[in-house]
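Chemist: Counted the way numbering that gives the first Met the number 0 counts, the sequence shown spans residues 0 to 591.
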Amino acid sequence: MLFEVWAPQARRVALQWAGGRAGEPPVPMEHDAGRAGWWRAEAPARDGDRYAFRLDGGPPLPDPRAARLPEGPGGPAAVVVHDRFDWRHPWPGRPLPGAVLYELHIGTYTPEGTFDAAAARLRHLADLGITHVSLMPVCPFPGTHGWGYDGVAPWAVHEPYGGPDGLKRFVDAAHGHGLGVVLDVVHNHLGPSGNPLPAFGPYFTDTHQTPWGAAVNLDAPGSDEVRAYFLGSALSWLRDYRLDGLRLDAVHTLHDDRSPHFLAALSAAVDALAWRLRRPLFLVAESDLNDARTTAPRADGGHGLHAQWNDDFHHALHTALTGESQGYYADFARAPLTALAKTLTGGFFHDGTHSAFRGRRHGVPLDLRITPAYRLLAYAQTHDQIGNRALGDRLAAGLSPGLLACAATLVLCAPFTPMLFMGEEWGATTPWQYFTDHQDPELAEAVREGRRREFTAHEWAGDAGDWPDPQDPATRDRCVLDWTEPGREPHTALLAWHRTLLALRHELPPLTDPDPRHTAVHYDEAARWLLLRRGPLRVAVNLAPDTTAAVPVGDDGDGAGLQALAAWPGARLPDTDGVLRLPPESAVVLGP
Numbered sequence: 000m001l002f003e004v005w006a007p008q009a010r011r012v013a014l015q016w017a018g019g020r021a022g023e024p025p026v027p028m029e030h031d032a033g034r035a036g037w038w039r040a041e042a043p044a045r046d047g048d049r050y051a052f053r054l055d056g057g058p059p060l061p062d063p064r065a066a067r068l069p070e071g072p073g074g075p076a077a078v079v080v081h082d083r084f085d086w087r088h089p090w091p092g093r094p095l096p097g098a099v100l101y102e103l104h105i106g107t108y109t110p111e112g113t114f115d116a117a118a119a120r121l122r123h124l125a126d127l128g129i130t131h132v133s134l135m136p137v138c139p140f141p142g143t144h145g146w147g148y149d150g151v152a153p154w155a156v157h158e159p160y161g162g163p164d165g166l167k168r169f170v171d172a173a174h175g176h177g178l179g180v181v182l183d184v185v186h187n188h189l190g191p192s193g194n195p196l197p198a199f200g201p202y203f204t205d206t207h208q209t210p211w212g213a214a215v216n217l218d219a220p221g222s223d224e225v226r227a228y229f230l231g232s233a234l235s236w237l238r239d240y241r242l243d244g245l246r247l248d249a250v251h252t253l254h255d256d257r258s259p260h261f262l263a264a265l266s267a268a269v270d271a272l273a274w275r276l277r278r279p280l281f282l283v284a285e286s287d288l289n290d291a292r293t294t295a296p297r298a299d300g301g302h303g304l305h306a307q308w309n310d311d312f313h314h315a316l317h318t319a320l321t322g323e324s325q326g327y328y329a330d331f332a333r334a335p336l337t338a339l340a341k342t343l344t345g346g347f348f349h350d351g352t353h354s355a356f357r358g359r360r361h362g363v364p365l366d367l368r369i370t371p372a373y374r375l376l377a378y379a380q381t382h383d384q385i386g387n388r389a390l391g392d393r394l395a396a397g398l399s400p401g402l403l404a405c406a407a408t409l410v411l412c413a414p415f416t417p418m419l420f421m422g423e424e425w426g427a428t429t430p431w432q433y434f435t436d437h438q439d440p441e442l443a444e445a446v447r448e449g450r451r452r453e454f455t456a457h458e459w460a461g462d463a464g465d466w467p468d469p470q471d472p473a474t475r476d477r478c479v480l481d482w483t484e485p486g487r488e489p490h491t492a493l494l495a496w497h498r499t500l501l502a503l504r505h506e507l508p509p510l511t512d513p514d515p516r517h518t519a520v521h522y523d524e525a526a527r528w529l530l531l532r533r534g535p536l537r538v539a540v541n542l543a544p545d546t547t548a549a550v551p552v553g554d555d556g557d558g559a560g561l562q563a564l565a566a567w568p569g570a571r572l573p574d575t576d577g578v579l580r581l582p583p584e585s586a587v588v589l590g591p
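1) Taking 8 Å as the cut-off, decide whether the C-beta atoms of L542 and E584 are in contact.
2) Could you tell me if G19 is buried or exposed, where buried requires 16 or more neighbouring beta carbons within 10 angstroms of its beta carbon?
3) Thinking C-alpha only, which one of Y373, E524, L572 and G36 is nearest D514?
4) Please state if the CB of W496 and the CB of A395 are separated by a distance shorter than 8 Å.
5) Cα-Cα, which of L572, R11 and A98 is closest to P58?
6) When burial is assigned at 16 or more other CB atoms within 10 Å of the CB, is V410 buried or exposed?
7) Could you tell me which residues DSSP puts in a beta bridge with W38?
8) How many angstroms separate the CA atom of L493 from the CA atom of D256?
9) Got a sec? Which residues, its chain only, sit under 7 Å from D555 by beta carbon, not counting five neighbours each side?
10) Rounding to the nearest angstrom, what Cα-Cα distance links T107 and V479 in this structure?
11) On a CA-only basis, which of D243, I129, D46 and L54 is nearest A66? Give me that one, please.
12) Got a sec? Which residues, its chain only, sit under 7 Å from F169 by beta carbon, not counting five neighbours each side?
13) Excluding the 5 residues flanking A173 on each side, which residues of the same chain have their C-beta closer than 8 Å to its C-beta?
14) Should G426 go down as buried or exposed, given a rule of 16 or more other Cβ atoms within 10 Å for buried?
15) Please classify M135: is it buried, with 16 or more other beta-carbons within 10 angstroms of its beta-carbon, or exposed?
16) Going by alpha carbons, who is nearest to F140 out of V538, F2, H81 and G71?
17) Rounded to whole angstroms, what's the CA-CA distance from R477 to T483? Just pull it up for me.
18) So if DSSP puts V135 in a beta bridge, which residue, or which two residues, is it bridged to?
19) Between V137 and Y160, which are expected to be in contact by the criterion C-beta below 8 Å, what is the C-beta distance as a whole number of angstroms?
20) Can you look up V446 in the DSSP assignment and give me helix, strand or coil?
21) I need the boundaries of the alpha helix (DSSP H) containing P472, first residue and last residue.
22) Which residues in the same chain have their Cβ closer than 7 Å to the Cβ of W211, if we skip the five residues on either side of it in sequence?
23) Ends of the beta strand (DSSP E) at R360?
24) Under 6 Å Cβ to Cβ from E23, same chain only, skipping five residues before and after it: list those, please.
25) To the nearest angstrom, how far is the alpha carbon of D523 from that of R533?
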């Protein structure tokens, strides 16, 4: 078996056996004549054999490209032979257009917190109408439980979740249910504990700074190999684990002054892999830039990514539902339905407008005639938008079932690609709080203090003494979904509502039509109702707590022929004057 590693500054490199082979002598590695800075050695090895690399006689370090770290970050790697896995389900892939994503955290989706336990719940998602499961990061991180954004090995799988074979079993099971799988990957930084990369080469650079310190080296000397390192990791997930797409964390913190930009190089490599595998693959960016170039074709100077999260839609919807106006919600809270209407028809709210939160203008216009609306992801809740609240409280903690139904209606009937956060479909009351399991006491305290500063800066109300301790195991335990809730009201009704809306989305082409000419919005800011027109369909919500809304749904005063395709909790059909009487905190989908 060939072992190889990039270590351009080392004078000597040796392959060090570990585990059951710890007594065997090290294997000296030789310079690779064809690749500067690379070392290689041929040695007999089998799947599961443990090993490390020693640079210049130093301590053993895990392979930067290890697919498995059975002892966690900093421990020896284990050989993984991907071809030995027995895939059961042929999979042609599922494309992004028409998709419905479901964001899921393996460690809290079930009490067990493993791939196998989560796989046992996939039938629920298939029956719901989900098309793709979007997994939060699964790379190794310190301890057992965490969000996963402090991972340290971009090629490996967290062992407590089930390791590489566990992820493959999950993906195979999902494909057996007709579900695609998307994985959240973090290229903008690595965790602060157990990261061996600086010892191997210039993986980081002080040329740029990020919220996590020195930036990943995408454009300084040595960046050719660093870019190849992250490109190879991305392609490995899609190829070796048969994933259908990747969600790219915080791409606005990927500092790259080279051409092509790393994101354009990544999208080109993924498109080429999709062509070779003969199945659709896609990349979804989390971006704070409101930049049309993120999803614009590479031929037109864009990065060629296939979609991006749209926080503007979330912020507008959140303020309309809750009335909150702190932090970045301030701009949207001035006229939330106006902001929501702008995002529904134009994609971005901040498209060159002044952002009070940033103290400057932000964003550029997005032409939905050129960028299909499905390239934007719409959501009422995500791990970030819940977990970065001081108490990690979901919408269900403060909204009525009726308003939760209105939120679902707008997300699932919008022209964008909808995404739900796990448990949202039944109005889960379990919080989603930030939790870590750092083994270093100083790092653990630094994380606690960092969260306190974030909450204070965001003006969260309440006593700081009530804010959850990320390091307390009880914090993670509170976040585990309660799977008994769907059997109780109002959760049962909310789950049925989501199923109904998703069935309509899959059955009625106008609900997935990306053409902006077929979408229009009418609203009354003071009366708190909004009407979304999707071709011949009418989607109406009344967010007012105690007032029946009079919503004009007919053309030229004529609403005849419209019927309720779905209604929460009920609605009178339009009168002959074409006006719909919509009860407080209710929603309806009308069609001919």
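Quick reminder that beta carbons are idealized off the backbone N, C-alpha and C, glycines included.
Modeler: Once the coordinates are examined:
1) yes
2) exposed
3) Y373
4) no
5) R11
6) buried
7) V4 and H30
8) 48 Å
9) Only weak support exists for where D555 lies, its pLDDT of 49 falling under 50; the coordinates are left without a value.
10) 4 Å
11) D46
12) F114, A117 and A118
13) A118, L121, V132, G179 and V180
14) buried
15) buried
16) G71
17) 15 Å
18) In the sequence on display, residue 135 carries Met and not Val. M135 is not bridged to any residue.
19) 6 Å
20) helix
21) P472 to C478
22) H188
23) R359 to H361
24) W16
25) 18 Å
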